[in-house]
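In what follows, a single structure is set out as structure tokens and then discussed.
Residue numbers (our numbering), protein chains in the order written: chain A, 1 to 240; chain B, 1001 to 1240; chain C, 2001 to 2240; chain D, 3001 to 3240; chain E, 4001 to 4240; chain F, 5001 to 5240.
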């Protein structure tokens, strides 16, 4: 099957890292196609940028020329999944929900460790809307910006410190990496803390493969019915 | 004070109706400036269009040339308010929350009567994120599309039928009109059903005036801090 | 319009402070009438006194001789609003709900800073009944009694200390002053903490003005229908 | 032990019925003392009257001359228990909570069948504040006023009709009689519907006896600490 | 009446302690019959053992030869009550729910102090299923295993330390002893902390007596209807 | 990988059907091993039988002689998963949670259609404990016993009737088949109702494969730590 892995920001190197994380766990026969929006911010760290990401992703996906069997939206806590679900017939998996679903299967409570403090409420709200907040022990901020994650040592230290507090103070039993750019930290964290660590891109690949095997896709009876035909201005962005 | 009343769709006649509804309740000295996005759909009835509206509204407001003291986002159940709150120093009021706040002051439970069935879950999710769902008895659909509301008779009949069921079956004590285009139906409904009817645009004007009088505006300490400086592609839309 | 500002305790100087706080934000044309119950405690700091306040306020309002367009019940977290809503046709605003509504418009979470620790559960319960607890980060006690608030320096220090913890530990983005007697501390707190501060009396004035402009008042279809005619003993208190 | 059974309204015949219901289940050695407030309404069917009842009950109990080991407040869904808890060292049991506690022990969900429709939201709010709403399937109104319950046949028919709908439509497994005046209907209902029926006065007697046997009474560390000494006006009512 | 007090583990000395705790509060005429499962673990400290306990208890009770009027399942936070309710016509009281019900009557919030940290989530889940978590301030672990409670001094110190934190940090007003083996610590704790302490076995005796007096037992209309006749393998255990 | 598919009842033909449903969706390289408990009921339709199933499954799995990489517990709404998680190092998937996780990915709300009415509360409680009830629109009963599902025509009609009501009345967008024995009805239902249908065994296979690919298994830091060494009586059942 072909999975379209769409980044939420415009940084192509980050898209590539995401796609590599996806490829590392994809089973034979699953092809990962990487896609970067041409509209939006080079990192998404707040609501303004998250709403741009929603539109940037929808634009990139609807103007993508090839065929694909599922879409992974690779931004933690960002907007947009519901729009893609209306536009497409294939399954759409957001890495936020993917990570939470997988984490809930293997522990009583999970905590998310994310980047900047300002993104915490947005992640909490997304989990709430996905119906996945009941077993979320906490969403913790490492204090690092998305692009600062490229300094791997500092990132590791900051993320581990918060993950440790999540386990000891918030009673988390599983850690979710709350940023597409954190892919790669999971092994280190498991070694250090003795708890499973779930990375959303990898989780999303497995859920996409699973839905595909089961021939399941988005229900179209109400919330995610295709958009009605109507006059759109400025859409798609890429054509203007 | 000057209130920018931003429509979420691109239909200028609807923007004008919204602005007129705002002017009808604005106190002397409050000027209503109408603003229509140049990006998006001519009516918003689902998530794809709602996310476009979020970006269309942010684009219209940030490229608006004049000064203003508050913004009203006049789309019921649509996305975007949190983005505007980051971008602006003045208060931003969404008509969904405005209507719910006012309704909660005057009755034990309120129901929303909106347009198409497919928009119901989105409205429920927005109320949930605003923390305003505990006293919401139901969100009911009249089955009418946004632009069909222009046929006033049919609209009135369909909306009244659902409002009646909300009062009798769902135990609502106040009705909220769940679409910017329903402004004008409130008097009729109150006469017919004997319950107060809250229209979101009017409610938002009063809350904007109130916040302005109290010199209150969006807290900037965390969730709604200004966006960090970063590379944006394609932004603002109107400049491309 | 005329707003009846009713204190919940019998201390006339405090009623006057409340009324002055109301007048400071009332728009031209809004007259604030102050009213002090003749029944009850000279400060309300618990359930026994709060229930007396409910009756004292209902007695004072129903035996008040003049006309008025709205009532503000100026006790934070006290009982009684629902009774007044049954007895009156004009809007009734409780300062607890008023402050919470305004705070929710301008930040993701709010905290209340109140007086004695023993009043915290009552405030939490009132927010719960108003349907306004989902975005309440915490209710914190300054440890001061209501009448000790008159020592402005000590009050300021104690309230600021708790407000700071609310922002830093509980993630509040807006502070609500949880006592009618705290009116006046808001500017200081905003200066010190950089977050908006909402004072309930001021918030209630704006909501009362807003409802009045919209010709909205309490729904009478169920919960707040007028009391049925029946034999009352000892009522009104003032006539005995 | 001596249990003070306090009615919430001023109708002495109803107090006597309540006390007889209590005596019917009291164990040997438990004496039921009946007490009727001299302040308030002859039946309580709304918030205005419920707040009067809170004060009427506190007045009656604090001016009662004899000694007692527990108090039962015999009004379904009424205010006041928290005030009595502050004023007294002995346990205070509200029949609303008593019935819910007992019902939860013997079935998965319970429904309350009460009198007038207007009292439903108040009962729901009281269950919410008691932390007892999670297993409440519904609160249903029989449409009868408190004093109309004296027509036993009509009462029985109306209550049974609603109880049946609670079991069949709302999935209740236990019925709670939601009015002090319904004592006596329980056997009939159990015979007709095949479900256990809990009457609050009887339940409260058993809980009072149980707490007494365990030497347990109200915690005084915070919410229910004794009122602070202060100037009270018009209190107690009976002395004025 | 005769109450069957069933331990959840196979340690007969602990059964005897439980029965003695029950006898200490039983009223004259209440006979406590002690029963120890022959299947299961000698202490229950996790889900594997808790599920064994559920079956061990059902086996012991259904093969018990005498008659009885109520059953108390004396394991804190363990599984099984719902199964017994199906099998029996007499009331079944779990000490977890019994303690929570009694605690809720006498304070605004309660905390449970239990044994090992690993049992905390199970207790939280049981309270959630019983509909009794809304007023639970916290479930705290003393770090002691069930059988370590026999060292009374160490147990007392560890339990008191956590109870104190529950009162001071979590705002508990009542402490619930979260292990059948803690019976006997209540007086000490009340003396030390000034808050009421509820022990589940004692609470369950009183609720069983109360239900019996009221002729109330498990509703059989749905969830707890008797098991349908069917082929069972290996049941009852004691007969194999 | 090898997946142990454990039935919760003792009916081997049903185990085989379950295993065949698993094999139908397993990817090449996934071997499904079927396992039937020797302890318990031949169908599980209530709490007594569900608790026996928990122990029967733990017994069967811990005495199974071969190696395996994951376990699927194939009983809808039954007890036991938490015990297996303690006993094993490999992932354990319950078909109830598996179905809910998959359903939440592809629609806004899901409904479960199950067998007998009496099993509904148990399924609701399990979803609650799994943290998966927020997006559950309803759990509906077809009125059929587990073994009656073998009459395929009657089963289909009864299940379809309830699924239709779930979509039309409860606003479900996805249907979950609430019994291991319903495997096979999904295609028919999708054809009839136009909504995706999730069958738990199939969903569980995909989640087990996904966790295995990600090298994720149960967190052992707290709730699901291995049982402490202790004296067990009668365990394992199969050895007695």
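From the three backbone atoms N, C-alpha and C, an ideal C-beta is built for every residue, glycine too.
Please read these numbers as outputs of a predicted model, since none were measured by experiment.
Q: Give me the Cβ distance between residue 3089 of chain D and residue 3001 of chain D, rounded to the nearest whole Å; I'm assuming they're in contact under 8 Å.
A: About 14 Å separates the beta carbon of residue 3089 of chain D from that of residue 3001 of chain D, a gap too long to meet the 8 Å contact definition.
Q) For residue 3186 of chain D versus residue 3195 of chain D, is the C-beta spacing smaller than 8 Å? A) The Cβ-Cβ distance between residue 3186 of chain D and residue 3195 of chain D does not fall below 8 Å.
Q) Are residue 1133 of chain B and residue 1172 of chain B closer than 8 Å when you measure CB to CB? A) Their beta carbons are not under 8 Å apart, which means residue 1133 of chain B does not touch residue 1172 of chain B by this criterion.
**Q.** With 16 other Cβ atoms within 10 Å as the buried cut-off, status of residue 1067 of chain B
**A.** Exposed is the call here.
Q.
Any beta carbon from chain F within less than 8 Å of residue 44 of chain A's own beta carbon?
A. Taking 8 Å as the CB threshold, residue 44 of chain A stays off the interface with chain F.
Q | chain F within 8 Å of residue 3108 of chain D, Cβ atoms only | A | By this cut-off, residue 3108 of chain D is an interface position.
(Q) Less than 8 Å between CB atoms is the rule here; does residue 1086 of chain B satisfy it with respect to chain A? (A) For residue 1086 of chain B, at least one C-beta of chain A is nearer than 8 Å to its own C-beta.
Q: Could you check if residue 5038 of chain F is buried or exposed, using at least 16 other CB atoms within 10 Å of its CB as the buried criterion?
A: When all chains shown are included, residue 5038 of chain F counts as exposed.
Q) Helix or strand or just coil, what does DSSP make of residue 3113 of chain D? A) In the structure shown, residue 3113 of chain D sits in a strand (DSSP, three-state: E or B).
Q. Which stretch, first to last residue, makes up the alpha helix (DSSP H) that contains residue 1105 of chain B?
A. If you look at residue 1105 of chain B, you'll find it in the alpha helix (DSSP H) that goes 1095-1105.
Q: Starting from residue 5076 of chain F, find everything on chain E with Cβ-Cβ shorter than 9 Å and list it in chain order.
A: The premise fails here: residue 5076 of chain F is roughly 16 Å from chain E at the closest Cβ pair, so nothing lies under 9 Å.
Q: Indicate whether the contact test is met: 3 or more Cβ pairs, each with one atom in the segment 23-32 of chain A and one in the segment 48-59 of chain A, closer than 8 Å.
A: The segment 23-32 of chain A vs the segment 48-59 of chain A: no contact.
Q. Using the rule of at least 16 other Cβ atoms within 10 Å of the residue's Cβ for burial, across every protein chain shown, is residue 2012 of chain C buried or exposed?
A. For residue 2012 of chain C, the number of other beta carbons within 10 angstroms of its own is below 16, and it is reported as exposed.
Q. Along the segment 2018-2045 of chain C, what residues have a CB closer than 7 Å to any CB found in chain D?
A. Result list: 2038, 2039, 2040, 2041, 2042, 2043, 2045.
**Q.** Start and end residues, beta strand (DSSP E) containing residue 3007 of chain D
**A.** For residue 3007 of chain D, the enclosing beta strand (DSSP E) covers residues 3002-3007.
Q | Anticipated Cβ contact below 8 Å, residue 44 of chain A with residue 75 of chain A, distance rounded | A | About 6 Å; that satisfies the 8 Å criterion.
Q: May I have the straight-line CA-CA distance separating residue 2182 of chain C from residue 2125 of chain C, to the nearest angstrom?
A: Going by the C-alpha atoms only, they are around 21 Å apart.
Q: Out of F:5229, F:5116, F:5234, F:5237, state which residue places its alpha-carbon closest to the alpha-carbon of residue 4228 of chain E.
A: Minimum Cα distance to residue 4228 of chain E is reached at F:5116.
Q. Pick from A:64, A:71, A:61, A:188: whose alpha carbon is nearest that of residue 211 of chain A?
A. Residue 211 of chain A has its Cα closest to that of A:71, out of A:64, A:71, A:61, A:188.
(Q) Given this structure, state the Cα-to-Cα distance separating residue 259 of chain A from residue 5108 of chain F, to the nearest angstrom. (A) Missing from the structure shown is residue 259 of chain A; chain A here goes from 1 to 240 and no further.
(Q) Quick check on this structure: which residue in A:83, A:40, A:3, A:129 has the alpha carbon closest to the alpha carbon of residue 5135 of chain F? (A) The closest CA to that of residue 5135 of chain F, considering only A:83, A:40, A:3, A:129, is found on A:129.
**Q.** residue 4170 of chain E versus residue 4137 of chain E: straight-line alpha-carbon distance, rounded
**A.** Approximately 6 Å, taken between the alpha carbons.
Q: In angstroms with no decimal places, state the Cα-to-Cα distance between residue 5233 of chain F and residue 100 of chain A.
A: A straight-line Cα-Cα distance of about 38 Å links residue 5233 of chain F and residue 100 of chain A.
Q: Would you mind sorting residue 2079 of chain C into buried or exposed? The rule is 16 or more other CB atoms within 10 Å of its CB.
A: Counting every other CB atom within 10 Å of its CB across the protein chains shown gives residue 2079 of chain C a total of 16 or more, marking it as buried.
**Q.** Sub-8 Å separation of residue 5163 of chain F and residue 5113 of chain F beta-carbons
**A.** Against a cut-off of 8 Å, the Cβ pair of residue 5113 of chain F and residue 5163 of chain F comes out as a contact.
Q.
Taking the alpha carbon of residue 3106 of chain D as the reference point, which residue from E:4221, E:4006, E:4122, E:4157 has its own alpha carbon closest?
A. Here the closest residue by C-alpha is E:4221.
Q. So, residue 4145 of chain E versus residue 4077 of chain E, is the Cβ gap smaller than 8 Å?
A. Contact flag unset, no.
Q.
Judging by CA-CA distance, which residue of D:3022, D:3082, D:3188, D:3046 is the nearest neighbour of residue 2082 of chain C?
A. Measuring from the Cα of residue 2082 of chain C, the nearest candidate turns out to be D:3046.
Q.
Could you pull the DSSP bridge partners for residue 3033 of chain D from this structure?
A. According to DSSP, which records beta bridges pairwise, residue 3033 of chain D is partnered with D:3004.
(Q) I need the boundaries of the alpha helix (DSSP H) containing residue 2129 of chain C, first residue and last residue. (A) Per DSSP, residue 2129 of chain C belongs to the alpha helix (DSSP H) from 2120-2130.
Q | Segment limits, beta strand (DSSP E) that includes residue 4197 of chain E | A | Where residue 4197 of chain E is concerned, the enclosing beta strand (DSSP E) stretches over 4197-4199.
Q.
Using only CA atoms, which one of D:3215, D:3060, D:3178 lies nearest to residue 3033 of chain D?
A. Closest by alpha carbon: D:3060.
Q: Identify which residue in C:2201, C:2091, C:2062 has its Cα closest to the Cα of residue 2178 of chain C.
A: Distance check between residue 2178 of chain C and each of C:2201, C:2091, C:2062 places C:2201 closest, using alpha-carbon atoms only.
Q. Quick one, which residues of the segment 2214-2227 of chain C are near chain B if we go by CB-CB under 8 Å, in chain order?
A. Listed by position, the residues of the segment 2214-2227 of chain C near chain B (Cβ gap below 8 Å) are 2214, 2216, 2217, 2218, 2219, 2220, 2221, 2222, 2223, 2224.
Q | Own chain residues within Cβ distance below 8 Å of residue 158 of chain A, not counting five before or after | A | Only 142, 143, 144 meet the Cβ criterion.
Q | Boundaries of the alpha helix (DSSP H) in which residue 1189 of chain B is found, first to last residue | A | From DSSP, the alpha helix (DSSP H) with residue 1189 of chain B extends over 1186-1193.
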